[in-house]
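In UniProt numbering, the protein residues as written are 1 to 224.
Structure follows, in structure tokens:
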């Protein structure tokens, strides 16, 4: 029986161990960068970056929620990339005007978070680098898919998807998008990401900013 993670920090440490075991050259590579999806992916990304002695940055992605049912994703956007779920769009009768209105709103939120979390720091160059995309789990996969497509456009030498938990049906969509997948648990009966954590408390902007500052200050890796 699969045991839930205590919290995101524990999940991040276990994920770092799995990455070290799966790709043992990660700790010796100088081109590695860890990109975490805020907010929930940042505590895990911090643990992975620390273990790999690699820099941590953010991959900002926003879900496009169906109007009136915002938890239902009709797609997702990132800087320079968009993924749409045409089945949801058709079944919910979403017009082009409604879709674009939601996309504009979420684009503004992307820009707000970029300013809030990163200030005026330039975005990292990903071309010819080893990029590890980290989140606290995958449900439908729409958010991570747009993140992977956005990174792939920048031509990394290696793109690794690293998450603690995801249903097998969602992981399958990433096989053509990434070079490696590291996932600790793939339960058939998935329910929701939060069901696989004892503590799945939501994070706020201040916590994300604090963790990103910590990532800039720590030194040394602890695996390998």
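Every residue, glycine too, gets a C-beta built ideally from N, C-alpha and C. Treat the numbers as computed from the prediction; the structure is a model and nothing was measured.
**OP:** Closer than 7 Å by C-beta to residue 153: which residues in its own chain qualify, once you throw out the five before and the five after it? Chain order, please.
**Re:** Working through the chain shown from its first residue, we reach residue 153 at position 153. Result list for residue 153: 80 and 81, in chain order.
**OP:** Kindly list the residues whose CB is nearer than 6 Å to the CB of residue 57, restricted to its own chain and excluding five residues on each side of it in sequence; keep chain order.
**Re:** Within the chain shown, the letter at position 57 stands for residue 57. Within its own chain, the residues whose Cβ lies closer than 6 Å to the Cβ of residue 57, once the five positions on either side in sequence are excluded, are 35 and 124, listed in chain order.
Subject >> Sub-8 Å separation of residue 133 and residue 165 beta-carbons >> reply: Translated into the one-based positions of the chain shown, residue 133 becomes position 133. Translated into the one-based positions of the chain shown, residue 165 becomes position 165. It is not a contact, given that the beta carbons lie outside the stated cut-off.
**OP:** Kindly indicate which three-state DSSP category residue 2 falls into: helix, strand or coil?
**Re:** Along the chain shown, one-based indexing puts residue 2 at 2. Look at residue 2 here: in three-state DSSP terms it is coil, with no helix or strand label.
Original post:
DSSP three-state call for residue 94: helix, strand or coil?
Top reply: By one-based count along the chain shown, residue 94 stands at place 94. Coil at residue 94, not helix or strand.
Subject >> Per-residue burial, residue 192 [other beta carbons within 10 Å of its own, 16 or more giving buried] >> reply: Counting from one through the chain shown, the residue named residue 192 turns up at place 192. It is exposed - the Cβ of residue 192 has fewer than 16 other Cβ atoms within 10 Å.
Subject >> residue 222 versus residue 70 - alpha carbon distance >> reply: The count along the chain shown starts at 1 and reaches residue 222 at position 222. The count along the chain shown starts at 1 and reaches residue 70 at position 70. The predicted position of residue 222 is uncertain, since its pLDDT is 47 and thus under 50; no value can be drawn from it.
Original post:
If we ignore side chains and look at the alpha-carbon of each, how far apart do residue 49 and residue 96 end up?
Top reply: Reading the chain shown from its first residue, position 49 is the one you call residue 49. Reading the chain shown from its first residue, position 96 is the one you call residue 96. Each residue's Cα considered, the two are about 40 Å apart.
Original post:
Under 8 Å between the Cβ atoms of residue 141 and residue 90?
Top reply: Along the chain shown, one-based indexing puts residue 141 at 141. Along the chain shown, one-based indexing puts residue 90 at 90. Result no, Cβ atoms of residue 141 and residue 90 do not sit closer than 8 Å.
**OP:** Count the other CB atoms, across all protein chains shown, that sit within 10 Å of the CB of residue 220; report buried if there are 16 or more and exposed otherwise.
**Re:** As a first step, residue 220 is located in the chain shown; it is residue number 220 there, counting from the start. Residue confidence for residue 220 is low, a pLDDT of 45 falling below 50, so the modelled location carries little weight and cannot support an answer.
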